[in-house]
Structures are given as C-alpha cells and as structure tokens.
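Residue 362 in this note's numbering sits at position 241 of the sequence shown; the count goes up by one each step and never skips. In this text, a Cβ means the ideal position worked out from N, Cα and C, and glycines have one as well. Note that this is a predicted model, so its numbers are computed, not measured.
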Amino acid sequence: MTSINASADVARATERLRPVFGDRLLLPTHDRFASASRIWNCAITHRPVAIVRCLDNDDVRAAVLTARECDVPLSVCGGGHDWAGRALRDGGLVLDLSGMGQVAVDTGVGTATVGGGAHIGDVSGAARQHGLATPTGTVRTVGMAGLTLAGGYGPLCGRYGLAVDNLLRADVVLADGRLVTASPDGDAELFWALRGGGGNFGVVTSLMFRLHELPTVLAGMMLFPFAQAATVLAGYREIVATAADEATIMAGFLPNPDGPPLVFLCPMWSGADLAEGERLIAGLERLGNPVMSQIAATPYHDALSMFDGAMREGNHYRLRTRWLSHLSEAAAEELTDAAAQIASPYSAISMHHFHGAAARVGQTETAFGLRTDHLLVEIVGAWAPEDAEAGYGDWADQTSQRLAPLALPGGYPNLLGADEPERVPPSYGPNYERLVSAKRRYDPDNIFASAVPTLAV
Ligand SMILES: Cc1cc2nc3c(=O)[nH]c(=O)nc-3n(C[C@H](O)[C@H](O)[C@H](O)COP(=O)(O)OP(=O)(O)OC[C@H]3O[C@@H](n4cnc5c(N)ncnc54)[C@H](O)[C@@H]3O)c2cc1C
C-alpha cells in the first residue's frame with residue numbers, strides 16, 4: 122500500500138472523472154483536499170492523488186472503471202475509521218462515500234435501507250424514531266458498511282447477533298463495474314462472502330438491515346478503582362459465562378488523569394423485563410466499590426452517546442486485537458499488568474462480549490470466522506499529535522504479544538492491521554478457502570487490494 126503504481130495514468134483518469142464529478146473531484150491542489158483526505162487516525166500518512174465524492178451507483182461505477190482502466194489504485198472510504206488507514210492509498214483514487222449516508226426505514230416490513238456511506242448513528246437515529254433498532258458497533262461515527270462487512274460487534278450482540286447477522290441484502294458495484302444485488306436469492310455466494318469478508322468484493326452502495334422492536338435499553342457505564350481490578354474481572358468472568366442473551370457487557374480499562382487507569386464495565390440490557398436488567402446491574406455494581414455508575418433506561422441510539430468522543434478524532438493510534446475464549450485468570454492478569462503501564466492519557470483496553478444469538482449462527486453460514494462464545498480484546502495505543510510517539514504504539518504491540526499464547530488463533534478481521542496478513546487465514550478458520558475462492562471469482566485482479574481485511578490472494 123505504500124508503493125505508487127508506476128503505470129498509473131493519473132492525468133487520463135482525471136480527464137475521465139472531471140465531466141462525471143465536476144467539483145466533486147478533488148485534487149491535491151484543491152483547498153478542500155487536505156480536509157477531505159483526513160481520516161480518524163491522524164497518524165496515517167498515505168497520500169492519495171484524487172478523491173471523488175460519490176452520490177450514487179453511477180458515480181461509483183464510473184470511479185471503479187476509471188481507476189481500473191487507468192491503472193490507478195483505488196480505495197473506498199466509508200466512515201474513515203479503519204485505524205490502519207486502508208481508506209487511503211499512496212498514489213490512489215479515493216471513493217469517498219460520505220455523500221451516500223441516506224437511511225430509509227420501512228416500518229411495515231421492519232427493515233432499514235442504508236447508503237454505503239452511512240454512519241452507525243445515522244442508522245440507529247433513524248430506527249429510534251420508530252422504537253426500532255438493529256445491532257451496530259459502539260461509536261456512532263464509525264461507518265455502518267465497514268463495520269458490518271467484517272462482522273460488527275456491539276451491545277446487542279447477545280440478543281440479535283452481529284451487525285452482519287442482520288444484513289438482508291446488499292447492492293454492490295463489482296470490480297468489472299457491474300451492479301449486482303447480493304442476497305440469499307441472488308448472487309448468494311457473494312452474499313455469503315460479504316458477510317465477514319469485508320470490502321474485498323466490491324463497493325457496497327446500499328445495505329438492507331432487519332430492524333427489531335426495541336424502544337428502550339438499560340445501559341451505561343460503571344468505573345472501579347484500579348486496585349479492585351482482580352475482583353471485578355473475576356466477577357465479570359463469572360457473570361458473562363452465564364449471561365442471558367439480553368445482557369451484553371463490555372469491560373476494560375480507561376485512562377485516568379488523576380492516577381492509575383480505571384476498570385470499566387459497560388452493560389447493556391435489551392430485554393423487556395427491566396427489573397431483571399436492574400438485578401444484573403446491581404450484581405455488577407457489587408463486584409467492587411464503583412467510583413461512578415451511570416445507568417439509565419434510554420432508546421438504543423441515545424445509549425450509544427456514552428461512547429461519543431471515547432476515542433478522540435485527530436489523535437494518533439495503533440490498535441491491536443486478540444480473541445479470548447474466556448477471561449482466564451492469566452489473561453486478566455496480563456491485561457491488568459498492561460493497563461498498569463498505560464502512560465498516555467488516551468490509551469485504553471476494551472473487551473467486546475460475543476455470545477447468545479451471535480454464537481448460534483452456524484460456523485459456515487456466513488464468512489465470519491468465529492462463532493463460539495468469546496471476548497474480543499481491543500488494545501488501543503493512542504497519543505496526541507503534538508506528542509512524540511513515546512512508545513504508546515509499542516505498548517499496544519507488546520500487550521498483543523503477551524496475550525498471544527492465551528488467545529485463540531486469528532483475530533477480529535476489522536481490527537487486524539495491514540502488517541499482520543498471517544493472522545487473516547486463521548481468523549476465518551474453515552471459511553478461509555471459500556472466502557479466497559470468492560475473492561478470485563469477484564475480484565480476480567485484486568482491484569480492492571486495500572480492503573479491510575487485507576487478504577493475500
Ligand atoms: C472509534 C472506533 C470504534 C469502533 N468500534 C467498533 C465496534 O464497536 N464494533 C466493531 O465491530 N468494530 C468497531 N470498530 C472497528 C470498525 O468497525 C472498523 O475499523 C471498520 O472497518 C470501520 O469502517 P469505516 O467505514 O468507518 O472505515 P473506513 O476506513 O472508511 O473503511 C474501512 C474499510 O471498510 C471497507 N468499506 C467501508 N465502506 C465500504 C463500502 N460501502 N463498500 C465496500 N467496502 C467498504 C473498505 O475496505 C475500507 O477500506 C471501531 C473502530 C473505531 C476507530
């Protein structure tokens with residue numbers, strides 16, 4: 122991704138794109154180019170040569186065909202939150218989908234049709250108006266397509282599965298420019314591959330999701346002193362081992378400007394019986410002496426606001442990830458030791474809880490590779506742009522290495538870096554060969570080489 126394609130004919134590509142895009146074609150000489158090529162992780166230094174702001178299928182098709190015919194590497198930017206910056210390529214053409222963020226809710230059939238550039242918050246916000254929800258990730262500015270295509274962990278995972286388990290169909294512009302609809306009834310192999318294989322098969326211009334009636338959830342955050350980490354994490358282990366589908370509970374460590382990091386638990390109860398949810402919350406609070414506990418019954422979209430700003434845009438980041446089958450005592454100790462070394466005011470560790478409905482989807486039903494109960498560990502090395510890197514990224518690397526002997530093979534494909542291709546095959550387990558066959562069938566020339574995840578084909 123760092124090499125510039127020597128045969129790229131950027132001038133010809135520009136000539137072809139200008140009549141289609143007009144002032145929606147941005148070049149490096151353009152005033153708006155720097156802001157348009159800014160993504161969440163400001164440590165990324167990839168330098169594209171052009172950005173096209175796509176508004177519909179025809180725009181996407183024109184951009185894909187032009188990039189291909191002029192040999193200009195392309196990349197797709199949805200919400201711009203891939204930490205490894207694969208939305209941008211050196212010397213590349215960026216298909217910016219931010220103008221395709223429309224969401225249409227059909228309350229009659231209970232679906233949301235979502236543009237390829239919509240953010241999580243666009244979807245949860247539109248569904249909220251009807252007392253509905255679909256599984257999403259936590260931070261509302263993350264792209265819904267990018268999140269979904271490689272899985273989509275979130276606080277409704279136990280009740281309704283991953284985001285990808287609620288995908289009903291997708292419109293895709295393929296590498297040869299054809300627009301197809303992938304669903305169980307048409308291009309079923311593509312539909313299988315898209316549900317876990319990320320952006321490797323084409324540009325998804327529209328996604329249809331199943332919606333669920335969910336007017337209110339009981340959710341929030343509790344913080345415990347670092348000294349109570351061992352008991353809180355031991356209690357967490359017990360509680361998640363038998364948690365009802367309606368209870369999905371994140372946990373981890375957050376930086377604390379006043380001292381050692383704080384242990385956090387972040388439960389969401391999505392069941393109709395709020396009293397049962399309150400008992401769960403009370404049990405979690407009793408795991409230690411929380412210094413803060415803020416739990417409320419709110420619509421799902423509003424509950425997600427607790428994650429707004431959780432990882433500051435504009436900072437520099439290096440993320441690493443591991444899958445744990447459960448939080449063993451040894452893993453809890455490794456995580457606690459790693460948290461004790463957090464030196465940056467922004468670095469953090471968090472764990473997503475995978476269970477319930479997500480774990481009942483068959484192993485080969487979708488391309489997503491791990492369908493047994495587990496925890497997804499996110500190790501977030503973060504620092505302000507004005508600070509020297511000062512080892513914050515190395516801390517993430519080292520924590521990941523320390524967890525490796527305790528972890529399952531592979532890792533969450535959406536969070537594996539482009540520098541970890543050897544971890545991709547085990548992430549898909551028995552689905553990997555089929556995924557690679559689908560890649561060869563739908564993108565034989567690897568036009569979508571900078572997709573997440575990085576597939577070596
Ligand atoms: C702050 C933060 C919070 C996160 N929280 C969660 C979470 O709760 N749960 C979770 O599972 N993950 C989470 N993630 C990971 C996130 O899901 C991935 O980084 C995802 O790839 C981001 O998608 P994006 O569109 O925002 O990013 P982009 O950088 O725009 O896109 C990343 C890649 O996704 C593909 N892509 C995006 N849109 C399309 C499209 N329309 N068609 C085809 N390909 C497309 C492309 O391959 C692109 O390179 C989080 C990441 C961050 C930074």
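I'd like to know whether the C-beta atoms of residue i and residue j end up nearer to each other than 8 Å.
| i | j | result |
| --- | --- | --- |
| R433 | A528 | no |
| T262 | G275 | no |
| L218 | G238 | yes |
| V353 | G279 | no |
| P169 | V215 | yes |
| A271 | P534 | yes |
| A579 | A464 | What the structure shows of the chain is the stretch from 122 to 578, and residue 579 is not part of that stretch, so it cannot be assessed. |
| H333 | L253 | yes |
| G392 | E367 | yes |
| A266 | G199 | yes |
| G282 | A488 | no |
| V324 | V235 | no |
| P506 | N436 | yes |
| P542 | G319 | no |
| T269 | L300 | no |
| L405 | M343 | yes |
| P305 | A284 | no |
Looking at the unbroken alpha helix (DSSP H) that takes in residue i, where does it start and where does it end?
| i | result |
| --- | --- |
| G279 | 278 to 281 |
| S471 | It is not in any alpha helix (DSSP H) - S471 instead sits in the beta strand (DSSP E) that spans 469 to 475. |
| S245 | 241 to 249 |
| M265 | 265 to 270 |
| T457 | 450 to 461 |
| W313 | 309 to 318 |
| I402 | 395 to 406 |
| T135 | 131 to 142 |
| A303 | No alpha helix (DSSP H) contains A303, which is instead part of the beta strand (DSSP E) from 300 to 303. |
| A184 | 178 to 190 |
| W516 | 513 to 524 |
Please work out which residues of its chain come closer than 8 Å, Cβ to Cβ, to residue i, disregarding the five sequence neighbours upstream and downstream, and give them in chain order.
| i | result |
| --- | --- |
| T123 | Caution applies to T123, whose pLDDT of 40 falls short of 50 and renders its modelled position unreliable; the value that the coordinates give is listed next. Here the set comprises H167, D211. |
| I165 | A205, G206, L209 |
| T302 | R290, A291, D292, V293, D308 |
| Q250 | V226 |
| R562 | E310 |
| T493 | S446, A480 |
Whose C-alpha, out of the options, is nearest the C-alpha of residue i?
| i | options | result |
| --- | --- | --- |
| V141 | A509, P376, L335, V173 | V173 |
| L440 | M343, L576, T520 | T520 |
| L491 | E455, P547, A451, S128 | P547 |
| L311 | K560, P574, A570, P565 | K560 |
| M221 | S426, F322, D177 | D177 |
| P378 | N567, R407, G323, P466 | P466 |
| T337 | A372, L277, P381 | L277 |
| T228 | M329, V557, A503 | M329 |
| M427 | G435, S414, L300 | S414 |
| A188 | R249, F347, W313, D297 | D297 |
| V498 | A511, Q522, C163, F154 | Q522 |
| F374 | F345, L496, A365 | F345 |
| D564 | A233, M371, L315 | L315 |
| V412 | A577, R400, L383, G398 | L383 |
| G264 | G231, D203, N321, A424 | D203 |
| L496 | A418, A129, A372, D566 | A372 |
Name, in chain order, the residues that DSSP records as bridge partners for residue i.
| i | result |
| --- | --- |
| D152 | Paired residue(s): none; D152 is not in a bridge. |
| A233 | V226, F330 |
| L491 | According to DSSP, which records beta bridges pairwise, L491 is partnered with nothing at all. |
| W119 | The requested residue 119 does not occur in the structure, where the chain is confined to residues 122 to 578. |
| P388 | I370 |
| G579 | Residue 579 lies beyond the residue range present for the chain, which begins at 122 and ends at 578; the question has no answer from this structure. |
| L375 | L383 |
| L147 | I172 |
Looking only at its chain, what residues have a beta carbon closer than 7 Å to the beta carbon of residue i, apart from the 5 residues adjacent to it on each side?
| i | result |
| --- | --- |
| Q462 | W516 |
| S558 | none |
| Y438 | N162, A164, W204, V501, G502, A503 |
Considering only residues of the same chain and omitting the five flanking positions on each side of residue i, which have a CB-CB separation below 6 Å?
| i | result |
| --- | --- |
| R555 | none |
| A171 | L148, L214 |
| P526 | none |
| G356 | L408 |
| R145 | R174 |
| G550 | G490 |
Where do the ends of the beta strand (DSSP E) carrying residue i lie?
| i | result |
| --- | --- |
| T442 | 437 to 445 |
| S414 | 413 to 419 |
| R290 | 288 to 294 |
| L354 | Careful: L354 lies outside any beta strand (DSSP E), inside the alpha helix (DSSP H) at 350 to 362. |
| V197 | 195 to 198 |
| D217 | 214 to 217 |
| A171 | 171 to 174 |
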